[in-house]
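**Q** Under our numbering, residues 569 to 855 are what the sequence shown spells out, in order.
Each residue gets a CB set at the ideal place from its N, CA and C atoms; glycine is no exception.
Quick caveat, the model's predicted, so the values are computed rather than measured.
Here's a structure for you.
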Amino acid sequence: MTTGVVNSRRISQRTALTFLGLATAITVVPVLFIIIYTIINGGAAISWDFLTQFPSQAGRAGGILPAIIGTFYLMLGTLVFALPLGVMAGIYLTEYARDNWLTRLINLAIVNLAGVPSIVFGLFGLSVFVLAFNFGLSLLAASLTLACQALAMVITSSREAILAVPREYREGSLAIGVTKWQTVRYIVLPQALPGIITGAVLAISRAAGETAPILVVGAAFLLPKLPQSPFDQFMALSYHLYTVSAHVPNMPKETVWGVALVLLVVVLSFDMLAAAIRIKTRRRKQS
């Protein structure tokens, strides 16, 4: 009887592991296929001139330097606006806010914010930042729009990272007479910082691939110069890829896939950075 039960458990375990492995393969294989297919089709277009020159002939010739620089400006602006506000909101909701109907309503709003379609953020940015605040079609308006979209992920990751800090750290700090804010600043935040950084990196990597929000708040297809101030228009890899693939006739296939490959490398680089931060944090905690 005992042997039969053990065998049954082993069979159940192997069956579960098999299905879990299949589910993982179903998830990973399409991603790997997309990456490999993009490298095969776009690798021929990658060259020093392609990465360092301005586009010409409606993007059919030249390079994509303004789109690369504009994308990094956009990611930097998103990080500058979203990270401080998101972290402060996460600290307040975790360490100071009481558990009442208002807090639960705010948490529900944050969850719903993550599910709002990106084009809605674009229309919001157009109405508020471009028209109401009179920032015009600019890098500043686009950065603020994407920061609004990234807030949900930054707040959520900040809250989870802060909640993961053991309560004993807080209690020990408060027991020796340290104030609440000093405990948060010198004890909680340093412990939660890797998780916060990971969430922020993932948020700006998503911002790098967004097209719909920046489409209406300042992205341009062809510009003769790099943006000189936050109030200038800019080029971005995602919008450039959309335009050359859908609106420019006789566009060379390798050029389209080359832009896609550069965008993919930018996004994956930030995702790998987030993964490296998580791995380093786990090793540090284990040691």
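#1: Starting from Ala787, follow its DSSP beta bridges and name the residues at the other end.
#2: Whose C-alpha, out of Thr724, Gln581, Ser773 and Thr646, is nearest the C-alpha of Leu832?
#3: Any contact between the region 798-815 and the region 743-763? By contact I mean 3 or more CB pairs, one from each, below 8 Å.
#4: Do Met819 and Arg628 have their C-beta atoms closer together than 7 Å?
#5: For a test of the three-state rule: what should DSSP assign to Ala626, helix, strand or coil?
#6: Who are the near neighbours of Val785 in its chain, counting only those whose CB is closer than 7 Å to its CB and skipping five residues on each side?
#7: Quick check on Trp616: buried or exposed, where buried means 16 or more other Cβ atoms within 10 Å of its Cβ?
#8: Ordered along the chain, which non-local residues of its own chain (more than five positions away) have a Cβ less than 6 Å from that of Ala665?
#9: In terms of residue numbering, what span does the alpha helix (DSSP H) encompassing Gly631 cover?
#10: Buried or exposed: Ile604, going by 16 or more other Cβ atoms within 10 Å of its Cβ?
#11: Which whole-angstrom value describes the C-beta separation of Ile876 and Glu663, a residue pair presumed to lie in contact below a C-beta threshold of 8 Å?
#12: As a quick exercise: from Arg578, Thr766 and Leu676, pick the residue whose alpha carbon is nearest that of Ile847.
#13: How would you call Ala843, buried or exposed, if buried means at least 16 neighbouring beta carbons within 10 angstroms?
#14: On the criterion of 16 or more Cβ atoms from any shown chain inside 10 Å, does Trp825 qualify as buried, or is it exposed?
#15: Suppose the cutoff is 6 Å on Cβ atoms and the five residues either side in sequence are ignored; what does the same chain contact list for Ser837 look like?
#16: If you run the structure through DSSP and keep just helix, strand and coil, what is Thr747?
#17: Should the region 676-691 be called in touch with the region 610-626, which here means at least 3 C-beta pairs below 8 Å?
#18: Nearest to Ile636 by alpha carbon, out of Thr849, Ile845 and Val827?
#19: In its own chain, which residues sit with a C-beta less than 6 Å from the C-beta of Tyr776, not counting the 5 before and 5 after it?
#20: Report all residues from its chain with a CB closer than 6 Å to the CB of Ala626; omit the five preceding and five following residues, and keep chain order.
#21: Grab me the residues of Pro798's own chain with a C-beta within less than 7 Å of its C-beta, minus the 5 sequence neighbours each way, in chain order.
#22: Hey, Leu877 and Thr606: beta-carbon distance below 7 Å or not?
**A** Here's the rundown:
#1: Position 219 of the sequence shown, counting from 1, holds the residue named residue 787. Phe802.
#2: Sequence index remark: in the sequence shown, residue 832 carries index 264 (1-based). Selected option, being the one with the closest Cα: Ser773.
#3: no
#4: To locate residue 819, count along the sequence shown from 1; it is residue 251. To locate residue 628, count along the sequence shown from 1; it is residue 60. In this structure, Arg628 lies closer than 7 Å to Met819 by Cβ.
#5: Along the sequence shown, one-based indexing puts residue 626 at 58. Note: Ala626 maps to coil in three-state DSSP.
#6: As a position in the sequence shown, residue 785 is number 217, starting the count at 1. Here the set comprises Gly690, Gly693, Leu694, Phe697, Val698, Leu705, Ala709, Ala710 and Thr713.
#7: Translated into the one-based positions of the sequence shown, residue 616 becomes position 48. Classification for Trp616: exposed.
#8: Residue mapping note: residue 665 aligns to position 97 of the sequence shown, counting from 1. Answer for Ala665: Thr671, listed in chain order.
#9: In the sequence shown, residue 631 corresponds to position 63, counting from 1. Segment: none, Gly631 is in no alpha helix (DSSP H) and carries neither H nor E.
#10: What you label residue 604 is simply residue 36 of the sequence shown in a count that begins at 1. Per the 10 Å Cβ criterion, exposed.
#11: Residue 876 falls outside the range modelled here, since the chain spans only 569 to 855, and no answer is possible.
#12: Numbered from its first residue, the sequence shown carries residue 847 at position 279. Per the Cα distances, Thr766.
#13: Residue 843 sits at position 275 when you count from the first residue of the sequence shown. Flag for Ala843 reads exposed.
#14: For the purposes of this step, residue 825 is taken as the residue at position 257 of the sequence shown. Classification for Trp825: buried.
#15: To locate residue 837, count along the sequence shown from 1; it is residue 269. Excluding sequence neighbours, Ser837 sits near nothing in its chain.
#16: Sequence index remark: in the sequence shown, residue 747 carries index 179 (1-based). The answer is coil: DSSP assigns Thr747 none of H, G, I, E or B.
#17: no
#18: Stepping through the sequence shown from its first residue, residue 636 is reached at position 68. The residue with the shortest Cα to Cα distance from Ile636 is Val827.
#19: Residue 776 sits at position 208 when you count from the first residue of the sequence shown. Note that residue 776 is Ala in the sequence shown here, rather than Tyr. Thr639, Met643, Val834 and Val835, listed in sequence order.
#20: As a working note, residue 626 is residue 58 in the sequence shown. Excluding sequence neighbours, Ala626 sits near Val816.
#21: Within the sequence shown, numbered from 1, the residue matching residue 798 stands at position 230. Correct list, in chain order: Ser706, Leu707 and Leu708.
#22: In the structure as shown, the chain begins at 569 and stops at 855. Residue 877 is therefore absent and cannot be evaluated.
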